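For reference, the structure is listed below as structure tokens.
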Amino acid sequence: MNGLFTELPVLLIVIPLAGVPVLYFTARRGLGTALPALAVILFVVILLSSGARDAMHTPVVTAAGGWQPDLGIGLQFDLLAVAAMLVTSLIVAQAILSHDETSGAQHFRTLLMLLYAGSNGLMLTQDLFNAYVFIEITSIASYALVAGKQDRGGFESAFKYVVMGSFAGLLVLWGIAGLYLTTGTLDIQSLASRFEAAPGAVASLSAAAVIAGLLIKLGQVPFHAWKADSLSGASYTVSALLSGVTTTAFFVLLLRVLSALPSLTVSLAPILTTIAGLSIITGHLMALRQPRYSRLLAYSSVAHVGYGLLAVSSGAVTAIAAGLFHILVHAIMKSGLFFLGRSFLHTGNRSDRLEAIVFPEQHRTLHVTLYVLLAMSMIGIPPVLGFTSKWYAVLETARAGYDTGAALIALGGAVALVYYLRVGLQLVHRGLPELSSPGPASKRLPVPIAGTALILLLAAFSDRLLGFCVLAVVQLMETV
Amino acid sequence: MIVLTIGITCIALTGIGIYGLLRRTHMIRMVLCFNILEAAALLGLVLIAYSPDARSPILRAATDAHVLPLPHALALTAIVIGASLTALMLTLIVRVHRSHGTVLVDKLKDWRG
Numbered sequence: 000m001n002g003l004f005t006e007l008p009v010l011l012i013v014i015p016l017a018g019v020p021v022l023y024f025t026a027r028r029g030l031g032t033a034l035p036a037l038a039v040i041l042f043v044v045i046l047l048s049s050g051a052r053d054a055m056h057t058p059v060v061t062a063a064g065g066w067q068p069d070l071g072i073g074l075q076f077d078l079l080a081v082a083a084m085l086v087t088s089l090i091v092a093q094a095i096l097s098h099d100e101t102s103g104a105q106h107f108r109t110l111l112m113l114l115y116a117g118s119n120g121l122m123l124t125q126d127l128f129n130a131y132v133f134i135e136i137t138s139i140a141s142y143a144l145v146a147g148k149q150d151r152g153g154f155e156s157a158f159k160y161v162v163m164g165s166f167a168g169l170l171v172l173w174g175i176a177g178l179y180l181t182t183g184t185l186d187i188q189s190l191a192s193r194f195e196a197a198p199g200a201v202a203s204l205s206a207a208a209v210i211a212g213l214l215i216k217l218g219q220v221p222f223h224a225w226k227a228d229s230l231s232g233a234s235y236t237v238s239a240l241l242s243g244v245t246t247t248a249f250f251v252l253l254l255r256v257l258s259a260l261p262s263l264t265v266s267l268a269p270i271l272t273t274i275a276g277l278s279i280i281t282g283h284l285m286a287l288r289q290p291r292y293s294r295l296l297a298y299s300s301v302a303h304v305g306y307g308l309l310a311v312s313s314g315a316v317t318a319i320a321a322g323l324f325h326i327l328v329h330a331i332m333k334s335g336l337f338f339l340g341r342s343f344l345h346t347g348n349r350s351d352r353l354e355a356i357v358f359p360e361q362h363r364t365l366h367v368t369l370y371v372l373l374a375m376s377m378i379g380i381p382p383v384l385g386f387t388s389k390w391y392a393v394l395e396t397a398r399a400g401y402d403t404g405a406a407l408i409a410l411g412g413a414v415a416l417v418y419y420l421r422v423g424l425q426l427v428h429r430g431l432p433e434l435s436s437p438g439p440a441s442k443r444l445p446v447p448i449a450g451t452a453l454i455l456l457l458a459a460f461s462d463r464l465l466g467f468c469v470l471a472v473v474q475l476m477e478t479v
Numbered sequence: 000m001i002v003l004t005i006g007i008t009c010i011a012l013t014g015i016g017i018y019g020l021l022r023r024t025h026m027i028r029m030v031l032c033f034n035i036l037e038a039a040a041l042l043g044l045v046l047i048a049y050s051p052d053a054r055s056p057i058l059r060a061a062t063d064a065h066v067l068p069l070p071h072a073l074a075l076t077a078i079v080i081g082a083s084l085t086a087l088m089l090t091l092i093v094r095v096h097r098s099h100g101t102v103l104v105d106k107l108k109d110w111r112g
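Going down the list, the sequences are from chains A and B.
Here numbering that gives the first Met the number 0 is used: position 398 in the first sequence is 397, and no number is missing along the way.
Here numbering that gives the first Met the number 0 is used: position 72 in the second sequence is 71, and no number is missing along the way.
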């Protein structure tokens, strides 16, 4: 392995981070930011693809600055990171393309690059305190992006989000301090061996605090309300990022923490299963009664993350892999639905209330087709990728002995059918409203087309994709 | 004794911070409660490093007993993050006040969803 690949995990964080000031100054000078931002993502994806072959055999572990863990910070580039970062890179690229070259869009891309750097760091780091720093980088970029809508709802939503997010961040910090006190290490790999020997209650409570902080960040019950409030106040593009990129990054970090603490995971399994089950029920039932498109999708996300958590809490390798697979697929399809929501704005209507949303006359059939395919994927209807990911989640959760959980996942699809059908019928039957100043025709339709095409095409390779996730989880278990 | 005092202070600050976050409706006070909670976490980090007979972690001789330097470095980083978050929260409060004319969360129309 040559020098470049040894430093690969560092580059995957540093390159987007270096892109932040570059994009900021490009935006200030009034130059386009789309191409530089896309170039950064392309470079990251090339690095990811070229390093994936090496990661297949053994993870690339880098000690940042030459300082070995425990003193230094370890970054691990493994199959888990490859899978998750490919998905998040795709969503970030879609978000960049979904905006026109306005000054707002240029500042948006600068913050987006910060979010991208932070989420990459979250998925690569092996150091708990470093993870806390990346949690805050990702979160601060998210708060600013939510506020970026520059209206009443945006500021209010951003404040709610920042209060809840900061509380979760502090909980993680408390947990990390407690884990360091009892185990003397911040390195996730060393934690795996030292946690067992650590004095009982403090170590367990600290680890539980870290896990609780991450569950709040993932919007799980009982801390789920902020998710709908934040996503409904943000623009559709930012909502796509929050439900795709940040959710995936926090889920990957949760997987790393849980895999390092197997004994605690077993003890916490009943609690995690209960939280996941309640999130599935609450998410779907709340989605049923939402009057707004973005809030409906947000509550649906609460339920889908619950699917992933339920599969992970079962502890079986194949179930964890199925949970991871579903979270990655969910990121693509949910962000696709949010990107598609941008088309509602092209009718000149700013409201996302269900009785008001309508696709523009131009390419209306194509819009409806995209919605139907994405909704089918969310519900779990063949032949799209959402069906296979959900099928594996049900199957593997049941195999792990969680029959009730598997039934909940399957029933969740039936409830989802009702609310997605309600929106679909609205979009198909409702005529174009009489508006005084209709907006410009959508020039960004290829963005949701790309996501939809992907969930159709990748459905043919579901077995291989699940196999890749199984390999990633096995590698994760072996390295701790 | 000093460990006990700091420990009790730490727990008391956490209680005050959580109580304030749950009970207060004034946005500025909510930010202050967040800062109190953060101070409790920082105090906890310093407490982890504390050792009664140790000096500050600047080695004068190899045999010097010194406190753990790592939690102090962590506390410094957490202070920077906390300051950034506070600045962002205050900025948002200014914008909310401009758009809604209030900083009381119970007066905000959409606060409860």
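Glycine included, every Cβ here is placed at the ideal spot set by N, Cα and C.
Computed from a predicted model, the values in this text were never measured in an experiment.
Asked	Found
Would you decide whether A:S436 is buried or exposed? Buried here means 16 or more other CB atoms lie within 10 Å of its CB.	Its pLDDT being 49, under 50, A:S436 is placed unreliably by the model, and the measurement read from it follows with that caveat. Per the 10 Å Cβ criterion, exposed.
Restricting to Cα atoms, I'd like to know which of A:Q474, A:F337, A:A275, A:S299 is closest to A:G307.	A:A275
Against B:L103, what residues of chain A qualify as contacts under a CB-to-CB distance less than 7 Å, listed in chain order?	In chain order: nothing, as chain A lies at least about 12 Å away.
Along the segment 146-161 of chain A, what residues have a CB closer than 9 Å to any CB found in chain B?	A146, Q149, D150, R151, G152, G153, F154, E155, S156, A157, F158, K159, V161
Flag A:L444 as yes when its Cβ comes closer than 7 Å to any non-hydrogen atom of the ligand NAP, and as no otherwise.	Absent from the structure shown: the ligand NAP. Ligands present: none.
Per DSSP, what kind of secondary structure is A:F222 in: helix, strand or coil?	coil
Kindly say whether A:L66, judged by its beta-carbon, lies nearer than 8 Å to any beta-carbon of chain B.	It should be pointed out that residue 66 of chain A corresponds to Trp in this sequence rather than to Leu. A:W66 does not count as touching chain B.
In chain A, which residues lie less than 9 Å from B:A40 when you measure between Cβ atoms?	L169, L172, W173, A176
For A:S262, which option in A:A239, A:A302, A:A206 has the closest C-alpha, if you only look at C-alpha atoms?	A:A206
Do you know how far the Cα of A:A94 is from the Cα of A:R363?	22 Å
Could you tell me which uninterrupted alpha helix (DSSP H) segments, each at least 4 residues in length, are contained entirely in the segment 3-45 of chain A, listed from first to last along the chain?	7-27
When you compare only the Cα positions, how much space is there between A:M469 and A:G18?	Before going further, note that residue 469 of chain A is Val rather than Met in the sequence given. Using only the alpha carbons, I get a separation of about 33 Å.
By how many angstroms is the C-alpha of A:G183 removed from the C-alpha of B:H65?	16 Å
Which residues, in order along the segment 113-138 of chain A, keep a beta-carbon less than 7 Å from a beta-carbon of chain B?	F128, V132, E135
Check the Cβ-Cβ distances between B:A77 and every residue of chain A, and say whether any is below 8 Å.	yes
Is there at least one Cβ from chain B nearer than 8 Å to A:L470's Cβ?	no
Could you give the DSSP three-state label for A:S435: helix, strand or coil?	Reliability of the predicted coordinates at A:S435 is poor, the pLDDT of 45 falling under 50, and no value is obtained from them.
Cβ closer than 8 Å: which chain A residues qualify as neighbours of B:R94?	A146, F154
Can you check whether the CB of A:G423 is closer than 8 Å to the CB of A:V301?	no
Going by the DSSP bridge assignment, what does A:A302 pair with across the sheet?	Partner(s): none; A:A302 has no beta bridge.
Helix, strand or coil for A:F76, going by three-state DSSP, please let me know.	strand
Rounded to whole angstroms, how far is the Cβ of A:K159 from the Cβ of A:W225, which I believe are closer than 8 Å?	6 Å
Determine the direct distance from the alpha carbon of B:A38 to that of B:L73, and round the result to whole angstroms.	13 Å
Taking only the alpha-carbon atoms, compute the straight-line gap between A:S49 and A:V43 and give it to the nearest angstrom.	10 Å
Comparing C-alpha positions only, which one of A:L170, A:L240, A:I454, A:S242 sits nearest to B:L114?	Beyond the ends of chain B as shown, which are 0 and 112, falls residue 114 of chain B; an answer cannot be given.
When burial is assigned at 16 or more other CB atoms within 10 Å of the CB, is A:T181 buried or exposed?	buried
Anything in the segment 20-44 of chain B with a Cβ closer than 8 Å to a Cβ of chain A? List those residues in chain order, please.	L20, M26, M29, F33, L36, E37, A40, G43, L44
What are the residues that DSSP puts in a beta bridge with B:L133?	Because chain B in this structure spans residues 0 to 112, residue 133 of chain B falls outside the shown range and cannot be described.
State yes or no: is the beta carbon of B:M88 nearer than 8 Å to at least one beta carbon in chain A?	yes
Buried or exposed: which applies to A:H303, given that a residue is buried once 16 or more other Cβ atoms fall within 10 Å of its Cβ?	buried
For the beta strand (DSSP E) containing A:A62, name the first residue and the last one.	59-62
When the distance is taken between beta carbons, is B:V2 closer than 8 Å to B:L46?	yes
Flag this pair as touching only if the segment 280-295 of chain A and the segment 222-241 of chain A have three or more C-beta atom pairs under 8 Å; answer yes or no.	yes
Excluding sequence positions up to five away, which residues of its chain have a Cβ less than 6 Å from the Cβ of A:L78?	A54, L470, A471, Q474
Does any residue of chain B have a CB that is nearer than 8 Å to the CB of A:S435?	Any answer about A:S435 is weak, because its pLDDT of 45 lies below 50 and its placement is not dependable; what the coordinates show is given next. So, not an interface residue.
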